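Trainee:
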Ligand code: MG
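Structural data, given as structure tokens:
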């Protein structure tokens, strides 16, 4: 049961990676280079999470089964709704992580309880960050100057690096 939940988590982390990649491309198409860089960094981070889950399963002699990754379920309208979608997605991921913690506790699986702790903490940070951006964007509304400043801020946070591959 924990094996199935961990395999599902790998698929969920890969889906997160795809979702943030799609967001990065949307922002890039609107010339919001800072937000595009930020979402590209998040996409890479999520792929890293998937690999961490897989590495853990392999160490524990569990079978890693890669699943099909769904296409990102999102319709892009504007910056605010995209960040709201990112927050809603993180909340779903949190519920999945909590389910793994619950299964590990029920099954007396101490190793998985220890492993999953990092991700429980990670989700607190992810939700806090996404919520803080949503709050800022609600204040910004349609103020283009403020939106450009926000874009710059996210670019700085991502080391100011815009993925050159997306500039083609
Ligand atoms: Mg993750």
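Residue numbers (the working numbering): 929 to 1096.
We put the beta carbon where it would ideally sit given N, CA and C, even for glycine.
Remember, it's a predicted structure, so these values are computed and weren't measured experimentally.
Taking residue 953 as part of the alpha helix (DSSP H), name the residues at either end of that continuous run.
Mentor: Unbroken alpha helix (DSSP H) run through residue 953: 930–957.
Trainee: How would you write the range of the alpha helix (DSSP H) that residue 1055 sits in, first residue to last?
Mentor: Unbroken alpha helix (DSSP H) run through residue 1055: 1038–1068.
Trainee: For residue 989, does the three-state DSSP call read helix, strand or coil?
Mentor: Coil at residue 989, not helix or strand.
Trainee: Measuring from the CB of residue 972, is there a heavy atom of the ligand MG at a distance below 7 angstroms?
Mentor: Residue 972 Cβ: outside cutoff for every heavy atom of the ligand MG.
Trainee: Below 7 angstroms, is the gap between the Cβ of residue 1057 and the nearest heavy atom of the ligand MG?
Mentor: No, the ligand MG has no heavy atom inside 7 angstroms of this Cβ.
Trainee: Give the straight-line distance between the Cα atoms of residue 989 and residue 1062, rounded to the nearest whole angstrom.
Mentor: Residue 989 and residue 1062: Cα-Cα distance of roughly 41 angstroms.
Trainee: Hey, would you say residue 964 sits closer than 8 angstroms to residue 952, going by beta carbons?
Mentor: Yes; because the gap between Cβ atoms is below 8 angstroms, this pair is in contact.
Trainee: May I ask whether a heavy atom of the ligand MG can be found less than 7 angstroms away from the beta carbon of residue 1052?
Mentor: No, the beta carbon of residue 1052 sits no closer than 7 angstroms to any heavy atom of the ligand MG.
Trainee: Closest by CA to residue 981, which one among 1072, 1058, 1030 and 1045?
Mentor: Checking every option, the nearest Cα to that of residue 981 belongs to 1045.
Trainee: For residue 1002, does the three-state DSSP call read helix, strand or coil?
Mentor: In the structure shown, residue 1002 sits in coil (DSSP, three-state: anything other than H, G, I, E or B).
Trainee: How would you label residue 1085, buried or exposed, when you count the other beta carbons within 10 angstroms and need 16 or more for buried?
Mentor: Looking at its Cβ environment, which holds fewer than 16 other Cβ atoms inside 10 Å, residue 1085 is exposed.
Trainee: Whether or not the region 1073–1080 and the region 1013–1022 are in contact is what I'm after, with contact meaning three or more pairs of Cβ atoms, one per stretch, closer than 8 angstroms; do they touch?
Mentor: With a cut-off of 8 angstroms, the region 1073–1080 and the region 1013–1022 do not count as touching, because too few Cβ pairs lie within range.
Trainee: Determine whether the beta carbon atoms of residue 967 and residue 955 lie at a separation below 8 angstroms.
Mentor: Result yes, Cβ atoms of residue 967 and residue 955 sit closer than 8 angstroms.
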